[in-house]
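Everything on this sheet refers to the single structure shown next.
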Amino acid sequence: MGKRWSAGALEDDTGAPILRVPSLQALALERIRDAILEGRLPPGTPLRINALAAELGMSPIPVREALQVLATEGLAVHLPHRGMTVSPLRAEDVAQTYEVRAVLEGLAARHAAGRLAPAVMANLRALLAEMETTHECQDHEALLRLDRAFHACICEAYPNRWASEFLRQIWNHAYRVRRTYPRSKARLRVVLGEHQAILAALDAGDGERAENLVRRHLEGARDDLLERLQSARSAAA
């Protein structure tokens with residue numbers, strides 16, 4: 001059976017897709033986004049299209065398209081006379097994104113309570129156990145990944161694609177800020193206790209309690225980040 005390439009997919013003679021191949025724009029977007037989230041492109045870094053294209057080994061067009069997407073996601077911003085740069089970490093963005101996150105994740109937790117399959121509950125317990133171990137090692141990168149996986153596991157059960165898309169973008173912002181300002185060991189202990197309480201509410205099928213716990217948990221995370229940002233700003237003054 002013959003094969004042909006078409007619009008980012010390998011198709012057989014019937015036109016059925018065999019293999020999805022990411023477009024250059026998608027590849028550029030993933031690489032640049034990861035560099036921003038991981039701090040290899042810090043806030044304020046100029047995002048020069050030609051330089052990025054050369055580094056990625058592609059033409060400027062997919063890079064330009066990727067930067068436009070990053071701007072809509074809030075990870076890049078166009079400044080007069082400077083062009084596109086990596087977005088700054090601002091207190092108002094933390095406050096606003098966490099306000100939306102608390103509402104959406106609270107709704108997701110309410111929906112998930114009593115509905116999660118045993119395998120999902122087992123995965124949540126395993127994530128918490130791994131967080132306990134990682135907490136003792138103070139491995140902040142691993143803790144960030146585990147924390148996101150815990151929240152994502154709960155939200156995956158929420159049948160609202162718009163909420164899922166908004167949360168993906170918000171989690172990216174939260175990851176970037178938290179990577180720059182990691183939790184203290186004392187704060188991590190509080191977070192682990194809050195996660196345990198959320199899991200217990202989900203297991204008991206108490207949607208109202210699960211929603212309230214998630215909201216308070218994220219409001220506490222917001223307040224901690226705002227305090228860290230203010231301390232950093234005061235120290236730099």
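Following this note's numbering, the numbering of the sequence shown begins with 1 at its first residue and continues without gaps.
No residue lacks a Cβ here, since even glycine has one placed at the ideal position from N, Cα and C.
DSSP lists H78 as the beta-bridge partner residues of M84. Rounded to whole angstroms, the gap between the alpha carbons of A71 and L41 is 15 Å. With a cut-off of 8 Å on Cβ pairs, the stretch 161-173 is not in contact with the stretch 223-233, counting fewer than three such pairs.
Residue nearest to D203 within the set H151, A113 and N123 is A113 (criterion: CA-CA distance). Inclusion of H151 and L192 in the CB contact set at 8 Å is not warranted, their separation being larger than that value. Residues N172, Y175 and R176 of the same chain have their beta carbon placed closer than 7 Å to that of L37, with the five preceding and five following residues left out of the count. Here L104 has A163, F166 and L167 as same chain residues with Cβ atoms under 7 Å from its own Cβ, once five neighbours each way along the sequence are excluded.
Here I32 is buried: its Cβ has 16 or more other Cβ atoms, across all protein chains shown, within 10 Å. Three or more beta-carbon pairs drawn from the stretch 95-111 and the stretch 206-223 are found closer than 8 Å, and the two stretches are therefore classed as touching. Membership of Y175 in the alpha helix (DSSP H) is indicated by the continuous run R161 to T180.
Beta-bridge partners assigned by DSSP to P46: T85.
The three-state secondary structure of E73, taken from DSSP, is coil. In this structure, the CA atom of A54 is about 37 Å from the CA atom of R101.
Sequence-distant partners of I49 (beyond 5 residues in either direction) whose C-beta falls short of 6 Å from its own C-beta, in its chain, are P60, V63 and R64.
Pairing I154 with L75, the inter-Cα distance amounts to about 25 Å. Scanning its chain for C-beta atoms nearer than 8 Å, with the 5 sequence neighbours on each side dropped, one finds around L213 the residues A109, E194, A197, I198 and A201, in chain order. In the three-state scheme derived from DSSP, where H, G and I count as helix and E and B as strand, G205 is classed as coil. DSSP, reduced to helix, strand and coil, places L41 outside both helices and strands of the structure shown, so it counts as coil. Within the stretch 77-148, complete beta strand (DSSP E) segments of at least 3 residues are found at 83-86, given in chain order.
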